[in-house]
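Only one structure is covered here, and it is reproduced in the block below.
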Amino acid sequence: MKSQWNGDVSQQIVDEPLGSSSVETKLTYNKPPTSLAQLLERYAAVQGGPEKIKEIQSLRLSGKLLQEGKEYEFSQVKRVPNRSRITIGSEEQTLSTYTNGSEVWRIYQDYPAVFRVSGDEAETAKRSAIILSPLWTERDRKDVLTLLPDEPLDGVMHHRVELAYPGETPTIFWINPETYLESQTVTQRSTGEEVVTKFSDNRKVSWLMIPYVVEVFVDGKKNTEITLDKADLNIGLFDSYFDPPEMTEEWPPKRRR
1 MKSQWNGDVS
11 QQIVDEPLGS
21 SSVETKLTYN
31 KPPTSLAQLL
41 ERYAAVQGGP
51 EKIKEIQSLR
61 LSGKLLQEGK
71 EYEFSQVKRV
81 PNRSRITIGS
91 EEQTLSTYTN
101 GSEVWRIYQD
111 YPAVFRVSGD
121 EAETAKRSAI
131 ILSPLWTERD
141 RKDVLTLLPD
151 EPLDGVMHHR
161 VELAYPGETP
171 TIFWINPETY
181 LESQTVTQRS
191 TGEEVVTKFS
201 DNRKVSWLMI
211 PYVVEVFVDG
221 KKNTEITLDK
231 ADLNIGLFDS
241 YFDPPEMTEE
251 WPPKRRR
């Protein structure tokens with residue numbers, strides 16, 4: 001192992017086994033970040049650095065979703081800056097949720113209606129559409145990002161950042177001081193329930209770190225778990241894929257007699 005020192009950072013270059021052409025670079029620091037800007041710089045370094053981040057255009061995820069004891073096929077495609085399609089399917093039915101960053105709609109397979117989605121579910125879909133953390137995409141907005149005091153999580157003191165858009169419920173990001181990746185986010189629904197999203201099993205996809213396990217807890221009870229099988233960066237994806245159709249009904253569907 002070789003170490004290179006640059007200011008407060010030790011860059012440890014760990015050679016891969018013979019036969020592998022890749023080299024994994026791990027960054028460790030002599031002292032904790034003293035500002036929000038420094039914390040976000042370290043977050044960006046883990047994701048390949050600002051120049052590599054600029055190259056990110058799209059992302060495709062696939063795996064399983066577990067909810068209320070039932071398992072579903074899960075897939076999501078995202079395109080910068082904030083467009084997404086999530087598809088959840090079973091043998092009986094497939095539901096797709098789209099967003100172009102401003103509107104959210106849902107379509108059932110083999111069903112003629114297009115449902116407009118609003119409220120908490122729409123906000124969740126919009127947040128999920130962002131490929132990289134909003135901590136980075138909103139890094140220049142001092143009015144929405146605030147560095148909070150560190151607090152312990154699972155026995156480890158975590159850095160914390162509050163993201164608060166005007167008129168919206170704040171979200172607190174817990175950043176692991178060893179990986180500089182999100183361990184969890186905490187927010188509230190408009191109805192008052194606390195929503196905690198936990199991220200684990202981070203893996204490198206090209207140069208981007210992706211959590212392969214995402215767990216969502218509502219008021220302390222596990223609501224959803226997503227386990228990825230595969231992730232692909234920068235797939236071919238046109239903007240027109242996310243053009244909204246004419247929406248004919250409001251979500252959730254009304255019962256039909």
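Note that the sequence shown covers residues 1 to 257 in full-length UniProt numbering. The beta carbon of each residue, even a glycine, is placed where N, CA and C say it ideally should be. Here the structure is a predicted model, which is why all the values come from computation and not from measurement.
Item, Value
"Between the CA atoms of S128 and R141 - distance to the nearest angstrom", "20 Å"
"Continuous alpha helix (DSSP H) stretch holding I53: start and end", "P50 to K54"
"Within the segment 109-141, ranges of the alpha helix (DSSP H) (whole runs, at least 4 residues)", "119-128 and 134-137"
"7 Å CB neighbourhood of E78 in its chain, flanking five on each side removed", "Before going on, a small fix: residue 78 reads as Lys here, not Glu. The residues are S58, L59, S84, A129 and I131."
"Nearest-angstrom Cβ-Cβ length linking P170 and E162, presumed shorter than 8 Å", "5 Å"
"Delimiting residues of the alpha helix (DSSP H) encompassing Y43", "L36 to V46"
"With 16 other Cβ atoms within 10 Å as the buried cut-off, status of I56", "buried"
"Complete runs of the alpha helix (DSSP H) confined to the segment 166-190 [at least 4 residues]", "none"
"Own chain partners of A231 with C-beta closer than 6 Å, once the 5 adjacent residues on each side are dropped", "L61, V205 and I210"
"7 Å Cβ shell around P134 - same chain, five flanking residues per side excluded", "L163"
"Pair within 8 Å by beta-carbon distance, V195 and V216", "yes"
"Alpha carbon of V218 to alpha carbon of P245, nearest angstrom", "32 Å"
"Within 8 Å, strictly: CB atoms of W251 and R106", "yes"
"Contained beta strand (DSSP E) runs [length at least 3] in the segment 52-108, N- to C-terminal order", "58-67, 70-79, 83-89, 94-99 and 104-108"
"Backbone secondary structure at D143 - three-state DSSP", "coil"
"Cα-Cα separation between T28 and V114, rounded to whole angstroms", "49 Å"
"DSSP three-state assignment for D201, whether helix, strand or coil", "strand"
"Candidates Q109, H158, E151 and T99: closest to D239 by CA position", "T99"
"Short Cβ contact (8 Å threshold) for I86 with Q76", "yes"
"Per-residue burial, T191 [other beta carbons within 10 Å of its own, 16 or more giving buried]", "exposed"
"Pairwise C-alpha distance: V104 and T97", "7 Å"
"N- and C-terminal bounds of the beta strand (DSSP E) containing A231", "K221 to L233"
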